[in-house]
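Asker: In order, the protein sequences belong to chains A and B.
Residues in the first sequence are numbered from 1 upward in steps of one, following my numbering.
Residues in the second sequence are numbered from 1001 upward in steps of one, following my numbering.
Virtual Cβ for every residue (Gly too), placed ideally from N, Cα, C.
No experiment lies behind these values; they were computed from the predicted model shown.
2 protein chains.
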Amino acid sequence: MKPKLKVWVVFGDGVKLGDGRAQLLELINELGSIKKAVARFGMSYRNAWGYLRELEKAAGFKILERTPGGGPRSGTRLTEAGKQFLKQYWRFRQGADEAIGRHFAKSFKKG
Amino acid sequence: MKPKLKVWVVFGDGVKLGDGRAQLLELINELGSIKKAVARFGMSYRNAWGYLRELEKAAGFKILERTPGGGPRSGTRLTEAGKQFLKQYWRFRQGADEAIGRHFAKSFKKG
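Right under this line is the structure:
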């Protein structure tokens, strides 16, 4: 018997970010393109675009930025604030399993 | 910004129990009837029955028992082992939000 959990970060107005959407942001950054990222995710561009706009509005800072030109860093990438936020999200995510695992063991011990 | 979480207890063979199913078990016990409980839950009797059999097999102990007759404790109720298990589940569930809340605050502090 073991615990399973799903976590999200919820912004004041109900916009959520969980593993799937965090991975989408990472993939956009890696490929430099929302379009390529959503194609690999099997998500519609329209849905992704709507979500990303909502997310930036809820977060109160720009998460993605577009750099024109053909250089290696051109295209749509994470802003510094976006990178920082995702770093904190993964820190939260990685420790969450451990925190719940400890709590689970305590809850289900005899008595 | 705040965390949101869903938790389940997963048995060795993949059978899961989360808030919804824990509430179903409580409701069966309260009403003394699987049939009445599923009706209130908007779940099919067939699905509930299949799940309950799987759950008992995975848990390795009887969770529900049927007492015939018309007395106040007759009908389908939780066994002592079933009550004990649910008590531990709710203990786990109630503390999980707090454990994740603390971990969230630590993960998202500056730096």
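1) May I ask you to verify whether the region 32-49 of chain A touches the region 1034-1042 of chain B, counting CB pairs closer than 8 Å and requiring at least 3?
2) Can you find the residues in the same chain that come closer than 6 Å, C-beta to C-beta, to Glu1054/B, ignoring five residues on each side of it along the sequence?
3) Using the Cβ count rule (16 or more neighbours within 10 Å means buried), how would you classify Pro3/A?
4) How would you label Gly1069/B, buried or exposed, when you count the other beta carbons within 10 angstroms and need 16 or more for buried?
5) Hey, would you say Leu1064/B sits closer than 8 Å to Gly1075/B, going by beta carbons?
6) Could you tell me if Ala105/A is buried or exposed, where buried requires 16 or more neighbouring beta carbons within 10 angstroms of its beta carbon?
7) Give the DSSP-derived three-state secondary structure of Lys4/A in the structure shown.
8) Who are the near neighbours of Phe92/A in its chain, counting only those whose CB is closer than 8 Å to its CB and skipping five residues on each side?
9) Could you give the distance in angstroms between the alpha-carbon of Lys1062/B and the alpha-carbon of Leu1024/B?
10) What are the partner residues of Arg66/A, as DSSP defines its beta bridges?
11) Buried or exposed: where does Arg102/A fall if 16 or more other Cβ atoms within 10 Å of its Cβ makes it buried?
12) So is Gly1070/B in contact with chain A if we call contact Cβ pairs under 8 Å?
13) For Pro1072/B and Ser107/A, what's the separation of their Cα atoms in angstroms?
14) Smallest Cα separation from Gly32/A: which of Gly60/A, Glu98/A, Arg66/A?
15) Could you tell me the alpha carbon to alpha carbon distance between Thr1112/B and Asp1097/B, rounded to whole angstroms?
16) Taking 7 Å as the limit between beta carbons, can you name the residues of its chain near Ala1037/B, skipping five residues before and five after?
17) Comparing alpha-carbon positions, which option in Lys1087/B, Ile1100/B, Ala1099/B lies nearest Lys109/A?
18) What number of angstroms, rounded off, separates the C-alpha of Asp19/A from the C-alpha of Tyr51/A?
19) Give the secondary structure of Val966/B by DSSP, where H, G and I count as helix, E and B as strand, and everything else as coil.
20) Quick one, which of Ala1022/B, Ala1099/B, Ala1059/B has its alpha-carbon nearest Asp1013/B's?
21) So with Cβ pairs under 8 Å, would you call Phe41/A a contact of chain B?
Answerer: So, to answer that:
1) no
2) The answer, listed in chain order, is Val1015.
3) buried
4) exposed
5) no
6) Answer is exposed; the Cβ neighbour count stays below 16.
7) strand
8) Val7, Val9
9) 16 Å
10) Thr76/A
11) exposed
12) no
13) 32 Å
14) Arg66/A
15) What the structure shows of chain B is the stretch from 1001 to 1111, and residue 1112/B is not part of that stretch, so it cannot be assessed.
16) Leu1024, Leu1027, Ile1028, Leu1031
17) Lys1087/B
18) In a straight line, the C-alpha of Asp19/A is about 14 Å away from that of Tyr51/A.
19) Residue 966/B is absent from the model: chain B starts at 1001 and stops at 1111.
20) That would be Ala1059/B, whose Cα lies nearest to the Cα of Asp1013/B.
21) Interface criterion not met: the Cβ of Phe41/A is under 8 Å from no Cβ in chain B.
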